[in-house]
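Presented below is the structure to which this report refers.
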Amino acid sequence: EPEVTQTPSHQVTQMGQEVILRCVPISNHLYFYWYRQILGQKVEFLVSFYNNEISEKSEIFDDQFSVERPDGSNFTLKIRSTKLEDSAMYFCASTPQGVKKSTDTQYFGPGTRLTVL
Amino acid sequence: TQLLEQSPQFLSIQEGENLTVYCNSSSVFSSLQWYRQEPGEGPVLLVTVVTGGEVKKLKRLTFQFGDARKDSSLHITAAQPGDTGLYLCAGERTGANNLFFGTGTRLTVIP
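If you read the sequences in order, they're chains A and B.
Residue numbering for the first sequence is -8 to 108, as defined by the numbering used here.
Residue numbering for the second sequence is 26 to 136, as defined by the numbering used here.
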């Protein structure tokens, strides 16, 4: 069964450093998402991406964040200058047609645990 | 902010007991999804409910969407240790392209 994959599984970085989290969505999916989950807290939406541009973003997704689909398979989340409070699990998800189709399923990757020291 | 409150936050029961988890909001959602999340993994979809009053069954799990589409419940019959995990509800707003997740219910089923 196709699945969303994410690398690395765990990233440790120093405060102020740039990090790039990578995701490979399911191959025939068109919409891509990033969510984060701070330890002990709920999953929070960051951004959705369709047709090579941001479709929606939350207030969390400020100028320090950016997303890119550099090729036909990868979908990346970049944090330019990490802060301590960026430490969290980051989940990538993809759907065939987008959440606007109510019956569409979001498939989540296993997550990348980001630790900012 | 579309807030989805789940209750209880933690639930510990004996194997064989029944339980209900609630997901409530003051906002209307076009659909509600229930996920289960294992430690260190991403959420895995259990079910999507779309119509107000809709009831869906998945083996021993029964999901209901409130008539006003503001709330949902998950009922587990004869819980088993394998049901242990974090259960998340997530709502989709009409016209939006993302999910709002609930606060989660951590279930522990004791053998």
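Here a beta-carbon is modelled for each residue, glycine too, at the ideal position from N, C-alpha and C.
For the beta strand (DSSP E) holding Ala115(B), just list the boundary residues, first then last. Counted from its first residue, the second sequence places residue 115(B) at position 90. It spans Gly110 to Glu117 - the beta strand (DSSP E) in which Ala115(B) sits, taken as one unbroken run.
What's the call for Glu9(A), buried or exposed, on a 16-neighbour Cβ count within 10 Å? Start at 1 with the first residue of the first sequence, and residue 9(A) comes out as number 18. By the neighbour-count rule (16 or more Cβ atoms within 10 Å), Glu9(A) is not buried but exposed.
Listed by chain order, chain A residues near Pro68(B) by CB distance under 7 Å: Your numbering for residue 68(B) matches position 43 in the second sequence. The answer, in chain order, is Val34 and Phe99.
What is the DSSP secondary structure of Glu30(B), counted as helix, strand or coil? Within the second sequence, numbered from 1, the residue matching residue 30(B) stands at position 5. DSSP places Glu30(B) in strand when its eight states are reduced to three.
What would DSSP say about Glu76(A), mapped onto helix, strand or coil? The sequence position of residue 76(A) within the first sequence is 85, counting from 1. If DSSP states are grouped into helix, strand and coil, Glu76(A) belongs with the helices.
Quick one: Cα of Leu36(B) to Cα of Lys33(A), how far? As a working mapping, residue 36(B) is identified with position 11 in the second sequence. As a working mapping, residue 33(A) is identified with position 42 in the first sequence. Cα to Cα, the separation comes out at about 17 Å.
Name the chain B residues that come within less than 8 Å of Thr73(A), Cβ to Cβ? Reading the first sequence from its first residue, position 82 is the one you call residue 73(A). What Thr73(A) touches in chain B: nothing, since even the nearest Cβ is about 21 Å away.
Would you please state the rounded distance, in angstroms, between the beta carbons of Leu111(B) and Arg131(B)? I believe it to be under 8 Å. The residue labelled residue 111(B) in the question sits at position 86 within the second sequence. The residue labelled residue 131(B) in the question sits at position 106 within the second sequence. With a Cβ gap of about 5 Å, Leu111(B) and Arg131(B) count as contacting.
Contact under 8 Å by Cβ, Trp59(B) with Leu71(B): For the purposes of this step, residue 59(B) is taken as the residue at position 34 of the second sequence. For the purposes of this step, residue 71(B) is taken as the residue at position 46 of the second sequence. For Trp59(B) and Leu71(B), yes; Cβs fall inside 8 Å.
Between the stretch 40 to 52 of chain A and chain B, which residues of the former have a C-beta closer than 8 Å to a C-beta of the latter? Tyr41, Ser46, Glu47 and Ser49
Proximal residues, the stretch 79 to 110 of chain B versus chain A, C-beta separation under 7 Å: none
Around the Cβ of Asn42(A), are there at least 16 other Cβ atoms within 10 angstroms (buried) or fewer (exposed)? Residue 42(A) sits at position 51 when you count from the first residue of the first sequence. That one is exposed.
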